[in-house]
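**Student:** Structure incoming, see below.
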Amino acid sequence: MGYALSGKTALVTGANRGIGEAIVDALVAAGVRKVYAAARNVSALGPLVARHGSRLTPLQLDVTNAAQIAAAAATAADVDLLVNNAGIVGFFGGEFTDPKWIEGGRQEMEVNFLGTFAVTQAFAPVLAKNGGGAIANLNSVASFVSFPILAAYSASKAATHSLTQVTRAMLRGQNTQVFGVYPGPIDTKMGEVLTLEKASPADAARAIVAGIIAGDEEIFPDKMSQGTGPAFFADPKGLERQVAGVQAVA
Ligand SMILES: NC(=O)c1ccc[n+]([C@@H]2O[C@H](COP(=O)([O-])OP(=O)(O)OC[C@H]3O[C@@H](n4cnc5c(N)ncnc54)[C@H](OP(=O)(O)O)[C@@H]3O)[C@@H](O)[C@H]2O)c1
Numbered sequence: 075m076g077y078a079l080s081g082k083t084a085l086v087t088g089a090n091r092g093i094g095e096a097i098v099d100a101l102v103a104a105g106v107r108k109v110y111a112a113a114r115n116v117s118a119l120g121p122l123v124a125r126h127g128s129r130l131t132p133l134q135l136d137v138t139n140a141a142q143i144a145a146a147a148a149t150a151a152d153v154d155l156l157v158n159n160a161g162i163v164g165f166f167g168g169e170f171t172d173p174k175w176i177e178g179g180r181q182e183m184e185v186n187f188l189g190t191f192a193v194t195q196a197f198a199p200v201l202a203k204n205g206g207g208a209i210a211n212l213n214s215v216a217s218f219v220s221f222p223i224l225a226a227y228s229a230s231k232a233a234t235h236s237l238t239q240v241t242r243a244m245l246r247g248q249n250t251q252v253f254g255v256y257p258g259p260i261d262t263k264m265g266e267v268l269t270l271e272k273a274s275p276a277d278a279a280r281a282i283v284a285g286i287i288a289g290d291e292e293i294f295p296d297k298m299s300q301g302t303g304p305a306f307f308a309d310p311k312g313l314e315r316q317v318a319g320v321q322a323v324a
């Protein structure tokens, strides 16, 4: 079922740069009435405010801060679409036995998985009150297949894929549509760790918004993910063997 964006109110976490900033631009272009641009540091939202004026409302939100999450849900009580975009790579590229995977992985689980879960918990009643609405989670191709250069990050994104499924199941009764977004390499600060060919954040964001409007539960917003996603569903073992050899660290 498609999700019409015209006239809606959205909230995007991690909106100050990268894919999040581009999603805000794409939502406004698609006719969203109002966007809460959520960031840890609201002063970093200056360029978005300059571009979108009164359609943009800056909101302070660290997705690991329970008090800020509760305050955001109280302030942004008119949200129809929640975009869980904020995310981190805590560590990449080590040998299997490197102890840094553990501390990096702890941070990735805290932000990518538990942060997304906590924000979604806080906004679920808001969406219900507003008729159900929709949620889009920024997962990754690494949600389906683990990349050795991003070992713990891949696990955190497998966790957000699992969360996406359970959110869809548990919020179906309140009429909330849930979208999983599974990008390949995108040319952002996070993407700097990869030397693979990358899509631009603007192109990826336009594809994400188009996928939401079309009602695609799994959104593959770039060339790499458009190959990897279907390959996973067709031949998961073959994809695992293929990705096991990817060592493209900058
Ligand atoms: N780039 C890729 O190749 C790629 C591929 C697949 C999936 N993704 C996913 O897409 C999403 C966006 O990634 P990106 O490439 O745009 O990364 P990015 O350029 O590094 O931006 C990450 C954003 O998340 C914010 N953030 C980090 N920790 C946060 C926290 N605790 N609370 C709130 N915001 C926080 C950052 O804010 P600060 O400026 O305050 O740090 C920043 O706005 C992530 O979930 C990522 O895992 C990216």
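For reference, each letter of the sequence shown is one residue, going 75 to 324 in this note's numbering. Where is the CB? At the ideal position from N, CA and C, for every residue including glycine.
Whole angstroms are fine: how far does the CA of S230 sit from the CA of R180?
**Tutor:** 9 Å
**Student:** When the Cα atoms are used, what is the spatial distance from R91 to R129?
**Tutor:** 18 Å
**Student:** Starting from I209, trace the beta strand (DSSP E) in both directions and tell me its first and last residue.
**Tutor:** DSSP places I209 inside the beta strand (DSSP E), whose first and last residues are A208 to L212.
**Student:** Which residues does DSSP list as the beta-bridge partners of N158?
**Tutor:** DSSP, once it has assigned bridges, lists N211 as partnering N158.
**Student:** With DSSP as the reference, please indicate the residues paired to P132 in a beta bridge.
**Tutor:** A111
**Student:** Given a cut-off of 8 Å on the beta-carbon distance, is the pair I282 and I97 in contact?
**Tutor:** Inclusion of I282 and I97 in the CB contact set at 8 Å is warranted, their separation being smaller than that value.
**Student:** Quick check on DSSP: helix, strand or coil for E314?
**Tutor:** helix
**Student:** What are the start and end residues of the beta strand (DSSP E) that includes A232?
**Tutor:** Segment A225 to L245 is the alpha helix (DSSP H) holding A232; no beta strand (DSSP E) there.
**Student:** Which same chain residues, not among the five before or five after V102, have their C-beta less than 7 Å away from its C-beta?
**Tutor:** V109, H126 and R129
**Student:** Once you ignore the five residues that flank L156 on each side, which residues in its own chain have a CB closer than 6 Å to its CB?
**Tutor:** L85, F197 and I209
**Student:** Hey, would you say T131 sits closer than 8 Å to N158, going by beta carbons?
**Tutor:** no
**Student:** In the DSSP assignment, what residue or residues form a beta bridge with E292?
**Tutor:** G254
**Student:** I want to check one thing, is the minimum distance from the CB of R114 to the heavy atoms of ligand 1 below 7 Å?
**Tutor:** Yes, since a heavy atom of ligand 1 falls inside the 7 Å radius drawn around the Cβ of R114.
**Student:** Evaluate the contact criterion for the region 298-313 versus the region 199-208: three or more CB pairs, one atom per stretch, below 8 Å.
**Tutor:** no
**Student:** Quick check: does the Cβ of A279 come within less than 7 Å of any heavy atom belonging to ligand 2?
**Tutor:** As for ligand 2, it is missing from this structure, which binds only ligand 1.
**Student:** Can you tell me whether A151 is helix, strand or coil according to DSSP?
**Tutor:** coil
**Student:** Roughly how far, in whole angstroms, is the beta-carbon of V317 from the beta-carbon of V219, given that I think they are within contact range, below 8 Å?
**Tutor:** Yes, they are in contact, since the Cβ atoms of V317 and V219 sit about 5 Å apart, within 8 Å.
**Student:** Any heavy atom of ligand 1 closer than 7 Å to the CB of D172?
**Tutor:** no
**Student:** Specify, as a first and last residue, the run of the beta strand (DSSP E) that T83 falls within.
**Tutor:** Taken as a continuous stretch (DSSP letters only), the beta strand (DSSP E) holding T83 covers T83 to V86.
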